[in-house]
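Colleague: Read in order, the letters of the sequence shown correspond to residues 1 to 122 in the UniProt record's numbering. Here's a structure for you.
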Amino acid sequence: MPIEFLLVGLGGSLGAASRFAITNIIKRKLASEFPFATFIINLCGSFLLGILLASQMGNLTQLLLGTGFMGGFTTFSTFHVENIRLLQKKRYVMLGFYFLASSIFCILAALLGLKMGSSGTF
Numbered sequence: 001m002p003i004e005f006l007l008v009g010l011g012g013s014l015g016a017a018s019r020f021a022i023t024n025i026i027k028r029k030l031a032s033e034f035p036f037a038t039f040i041i042n043l044c045g046s047f048l049l050g051i052l053l054a055s056q057m058g059n060l061t062q063l064l065l066g067t068g069f070m071g072g073f074t075t076f077s078t079f080h081v082e083n084i085r086l087l088q089k090k091r092y093v094m095l096g097f098y099f100l101a102s103s104i105f106c107i108l109a110a111l112l113g114l115k116m117g118s119s120g121t122f
């Protein structure tokens, strides 16, 4: 099996396990109907991915950390499931806020990560 597949698999496993652990911590600390855990994880993941992309690390490092770890850490599918659940519960204001805030702030976080990564701040 090529090393690239192993790196993506290893990174993805570690990213998913990290997301699971952080989600449990956030849910214990912030018991709320609002999906804070996914919001915070995707926000942090977008920022970190921006830094990784700007850093111009080698291909294998990008596969391990970017495609693997960040791919397992962030969660687009859970974001949509949570939106559907808010819709089903008729929590329209929370749904609108969550959808817009996630979309806007994750893009801004990625842009900030790109800027900081290219300026050598990280």
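Positions of the beta carbon are idealized from the N, C-alpha and C atoms, including for glycine. Computed from a predicted model, the values in this text were never measured in an experiment.
Check this for me: beta carbons of R19 and I40, under 8 Å apart or not?
Modeller: Result no, Cβ atoms of R19 and I40 do not sit closer than 8 Å.
Colleague: Exposed or buried, what is G2 when buried is set at 16 or more other beta-carbons lying within 10 Å of its beta-carbon?
Modeller: The amino acid at residue 2 is misidentified as Gly; the sequence shows Pro. By the 10 Å Cβ count, P2 comes out exposed.
Colleague: Smallest Cα separation from C106: which of G15, F79 and K29?
Modeller: If we check each option's Cα against that of C106, F79 comes out closest.
Colleague: The alpha helix (DSSP H) with F105 in it runs from where to where?
Modeller: F105 -> alpha helix (DSSP H) spans Y92 to S119.
Colleague: Can you tell me whether G96 is buried or exposed? The criterion is at least 16 other CB atoms within 10 Å of its CB, across all chains shown.
Modeller: Classification for G96: exposed.
Colleague: Note the first and the last residue of the continuous alpha helix (DSSP H) segment covering G11.
Modeller: Counting along the chain, the alpha helix (DSSP H) containing G11 begins and ends at I3 to K29.
Colleague: Helix, strand or coil: how does DSSP classify M57 here?
Modeller: In the structure shown, M57 sits in coil (DSSP, three-state: anything other than H, G, I, E or B).
Colleague: Can you list, in chain order, the residues of its chain with a C-beta nearer than 6 Å to that of A109? Leave out the 5 residues immediately preceding and following it.
Modeller: Contacts found: L43, S46 and F47.
Colleague: Suppose you measure from the CA of L64 to the CA of L111; what does that come to, to the nearest Å?
Modeller: Straight-line Cα distance between these residues: approximately 21 Å.
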